[in-house]
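Student:
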Amino acid sequence: MMSSANTSAAGQGLANRFNLQQYVVYLGFLAIFLFFAVVLRDSGFLTVRNLSNIVLQTAPATIMAIGLVFVMSAGEIDLSIGSTVAVAALAAAVTLGQYGLIAGVLTGLGAGLLVGLLNGALVAYVKLPSFLVTLATLGLFAGVSRSMTDLRSIPVTDSVFTGFFGSGAFLGIPSLIWWTAIAVAIGHIIYRETRFGAHVLATGDNARAASVSGISVPRIRLAVMAISGCLAGLAGLLYAGRLQAAKYTLGETDLMTVIAAVIVGGTLLNGGRGSIIGALVGSLMMGMLNNGLILMGLSVSDQMIVRGLIILAAVAVSLREKSR
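In structure tokens form, the structure reads like this:
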């Protein structure tokens with residue numbers, strides 16, 4: 218009897234040490250990389266230019282994924298990030314042309330922050346479900362982005378803006394990579410090393426217990442929504458800088474990719490655990506997957522099917538880990 222109990226305890230300890238959700242993103246990244254490296258060895262997949270393009274193309278999605286890690290770790294969801302990207306990019310482009318660089322940047326970031334604060338206020342203080350709130354604001358701001366410029370693309374010709382947020386480089390490293398590295402570093406430190414990060418995780422794990430322990434759950438929910446909105450605004454600036462234009466279609470196809478990156482990266486669907494580094498690897502994995510499928514000649518619909526299957530698999534693992 219004692220032997221059976223000890224064996225059970227040892228097995229439980231081993232299960233605790235080996236958490237599938239923690240490592241699946243790294244194993245998946247390696248497996249996909251090796252697959253494409255072999256299958257597409259004659260198609261340019263392993264060239265420095267192609268691999269660097271993957272990193273550059275995923276930069277806005279990675280920025281949004283960082284914000285979504287905070288939101289989902291707190292037990293919420295933000296479906297409005299795609300339309301927030303478009304609104305922020307268009308607001309920045311219009312303001313940039315009329316009032317200059319600083320006003321344009323502040324307007325773009327401010328637009329994202331205001332969307333996040335609106336979502337957060339409705340979730341935290343009106344106590345509406347974040348899924349429904351952000352689904353509504355997704356449609357609302359998609360309409361706003363279309364009406365802002367009558368479906369016209371707004372060119373961004375300020376060379377300082379495009380260099381700083383898109384096409385420039387510092388010390389030989391593209392600015393988009395700098396933005397990604399800085400955002401990941403700051404996000405990881407806040408998430409793992411600060412009281413705020415601990416409060417976010419506590420809120421997602423058990424909001425009632427967090428409230429009893431003295432954590433202001435409404436403020437945490439407001440804060441994570443504001444962070445998500447602000448980072449979506451930054452992603453909009455990166456899109457506008459890289460493409461040298463802003464359009465209502467920016468970010469509209471990113472939601473599935475970002476959610477997949479976050480869940481595959483180790484953030485539980487129901488909150489209480491997440492990983493900024495995992496989200497980065499998940500975003501790069503999704504970008505590599507899209508790149509490889511394009512080089513293989515697959516259509517956009519086929520790419521969507523593959524991404525959907527990955528999300529299903531990641532959600533299944535996430536729910537299985539949460540139930541343990």
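Position 65 of the sequence shown, counting from 1, maps to 282 under the working numbering, and the rest follow consecutively. The C-beta atom is built at its ideal place from N, Cα and C for all residues, glycine as well.
1) Can the beta-carbon of ALA533 be found less than 7 Å from the beta-carbon of MET503?
2) May I ask you to list the residues that DSSP assigns as paired with ILE371?
3) So does the stretch 292–310 actually touch the stretch 328–340, counting three or more Cβ pairs closer than 8 Å?
4) For a test of the three-state rule: what should DSSP assign to PRO346, helix, strand or coil?
5) Around the Cβ of LYS344, are there at least 16 other Cβ atoms within 10 angstroms (buried) or fewer (exposed)?
6) Helix, strand or coil: which one does DSSP assign to THR224?
7) Just curious, the alpha helix (DSSP H) that SER300 is in, first and last residue?
8) Check whether the stretch 262–278 touches the stretch 315–332, counting contact only when three or more Cβ pairs, one atom from each stretch, lie closer than 8 Å.
9) Pick helix, strand or coil for PHE382, following the three-state DSSP scheme.
10) Where GLY327 and THR470 are concerned, what is the direct C-alpha to C-alpha distance, given to the nearest angstrom?
11) Three-state secondary structure (DSSP) at ILE542?
12) Count the other C-beta atoms from every protein chain shown that fall within 10 angstroms of the C-beta of MET521, then say buried if there are 16 or more, exposed otherwise.
13) For ASN423 and ILE494, I'd like the C-alpha separation in whole angstroms.
14) What three-state label does DSSP hand GLY491 in the structure shown?
15) From which residue to which residue does the alpha helix (DSSP H) around GLY284 run?
16) In terms of residue numbering, what span does the alpha helix (DSSP H) encompassing GLY514 cover?
17) What is the rounded straight-line gap between the Cα of GLY356 and the Cα of ILE407?
18) Are the CB atoms of VAL417 and PHE287 nearer to each other than 7 Å?
19) Excluding the 5 residues flanking VAL361 on each side, which residues of the same chain have their C-beta closer than 7 Å to its C-beta?
20) Considering only the alpha carbon of each residue, which of GLN461, VAL479, TYR456, ILE403 lies closest to GLY468?
21) Short of 6 Å in beta carbon distance, which residues of its chain neighbour LEU323, apart from the five on each side in sequence? Order them along the chain.
22) Name the two residues that bound the continuous alpha helix (DSSP H) containing ASP422.
23) Evaluate the contact criterion for the stretch 433–446 versus the stretch 379–398: three or more CB pairs, one atom per stretch, below 8 Å.
24) Taking only the alpha-carbon atoms, compute the straight-line gap between GLY228 and GLY491 and give it to the nearest angstrom.
25) Please state whether the Cβ-Cβ distance between ALA419 and ILE403 is less than 7 Å.
26) Mind checking which residues open and close the alpha helix (DSSP H) that includes ASP471?
27) With a CB to CB cut of under 6 Å and the five nearest residues on each side skipped, what residues in its chain are close to GLY385?
28) Let me know the secondary structure DSSP gives LEU257 once reduced to three states.
29) Could you give the distance in angstroms between the alpha-carbon of LEU510 and the alpha-carbon of ALA276?
30) Among LEU268, ALA278, LEU486, which residue has its Cα nearest to the Cα of PHE253?
Tutor: Let me lay it out:
1) If you number the sequence shown from 1, residue 533 lands on position 316. If you number the sequence shown from 1, residue 503 lands on position 286. No. Outside cutoff.
2) Reading the sequence shown from its first residue, position 154 is the one you call residue 371. Looking at the DSSP output, ILE371 shares a beta bridge with ALA463.
3) The stretch 292–310 is in contact with the stretch 328–340.
4) As a working mapping, residue 346 is identified with position 129 in the sequence shown. PRO346: coil per DSSP, three-state reduction.
5) Against the sequence shown, residue 344 aligns to sequence position 127. A residue is called buried once 16 or more other Cβ atoms fall within 10 Å of its Cβ, and LYS344, having fewer, is exposed.
6) Numbered from its first residue, the sequence shown carries residue 224 at position 7. Because THR224 sits at a pLDDT of 45, beneath the cut-off of 50, its placement in the model cannot be relied upon, and the following sentence gives the value as read from the coordinates. It is helical.
7) The residue given as residue 300 occupies position 83 in the sequence shown. In the DSSP assignment, SER300 falls within the alpha helix (DSSP H) that extends over 298–316.
8) Flag = no, the stretch 262–278 and the stretch 315–332 do not touch.
9) Translated into the one-based positions of the sequence shown, residue 382 becomes position 165. Residue state, collapsed to three classes: helix.
10) Locating residue 327 in the sequence shown gives position 110, where the first residue counts as 1. Locating residue 470 in the sequence shown gives position 253, where the first residue counts as 1. So the two alpha carbons sit approximately 22 Å from each other.
11) Only positions 218 to 541 of the chain appear in this structure, which leaves residue 542 out of reach.
12) Start at 1 with the first residue of the sequence shown, and residue 521 comes out as number 304. Counting other Cβ atoms within 10 Å of its Cβ, MET521 stays below 16 and is therefore classed as exposed.
13) Along the sequence shown, read from residue 1 onward, the residue named residue 423 stands at position 206. Along the sequence shown, read from residue 1 onward, the residue named residue 494 stands at position 277. Linking ASN423 to ILE494 through their CA atoms gives a straight-line distance of about 24 Å.
14) Numbered from 1 along the sequence shown, position 274 holds the residue referred to as residue 491. For GLY491, the three-state secondary structure derived from DSSP is coil.
15) What you label residue 284 is simply residue 67 of the sequence shown in a count that begins at 1. Unbroken alpha helix (DSSP H) run through GLY284: 265–290.
16) As a first step, residue 514 is located in the sequence shown; it is residue number 297 there, counting from the start. Going by DSSP, GLY514 is part of no alpha helix (DSSP H) at all; its letter is neither H nor E.
17) For the purposes of this step, residue 356 is taken as the residue at position 139 of the sequence shown. For the purposes of this step, residue 407 is taken as the residue at position 190 of the sequence shown. Between the alpha carbons of GLY356 and ILE407 lies a gap of roughly 31 Å.
18) The sequence position of residue 417 within the sequence shown is 200, counting from 1. The sequence position of residue 287 within the sequence shown is 70, counting from 1. By the CB criterion at 7 Å, VAL417 and PHE287 fall inside the cutoff.
19) As a first step, residue 361 must be located in the sequence shown, where it is residue number 144. If you ignore the 5 residues before and after VAL361, its C-beta comes within less than 7 Å of the C-beta of VAL304, all in its own chain and listed in chain order.
20) Here the question's residue 468 lines up with position 251 in the sequence shown. The shortest C-alpha separation from GLY468 is found at TYR456.
21) For the purposes of this step, residue 323 is identified with residue 106 of the sequence shown, where counting begins at 1. Hits under 6 Å: none found.
22) For this step, residue 422 is matched to residue 205 along the sequence shown. ASP422 -> alpha helix (DSSP H) spans 412–422.
23) The answer is no - the stretch 379–398 does not touch the stretch 433–446, with fewer than three Cβ pairs under 8 Å.
24) One-based indexing of the sequence shown puts residue 228 at position 11. One-based indexing of the sequence shown puts residue 491 at position 274. Unreliable positioning characterises GLY228 in this predicted model, as indicated by a pLDDT of 46, which lies under 50. The coordinate reading is nonetheless provided below. Each residue's CA atom was taken as its position, placing GLY228 and GLY491 some 24 Å apart.
25) The residue labelled residue 419 in the question sits at position 202 within the sequence shown. The residue labelled residue 403 in the question sits at position 186 within the sequence shown. Taking 7 Å as the Cβ cut-off, ALA419 and ILE403 do not qualify as a contacting pair.
26) By 1-based counting over the sequence shown, the position of residue 471 is 254. Unbroken alpha helix (DSSP H) run through ASP471: 471–481.
27) Here residue 385 refers to the residue found at position 168 of the sequence shown. SER392, listed in sequence order.
28) Residue numbering aside, residue 257 sits at position 40 when the sequence shown is read from its first letter. Here LEU257 sits in coil by DSSP.
29) Sequence index remark: in the sequence shown, residue 510 carries index 293 (1-based). Sequence index remark: in the sequence shown, residue 276 carries index 59 (1-based). Rounded to the nearest whole angstrom, the CA to CA distance from LEU510 to ALA276 is 19 Å.
30) As a first step, residue 253 must be located in the sequence shown, where it is residue number 36. Of the listed residues, the one whose Cα sits closest to PHE253 is LEU268.
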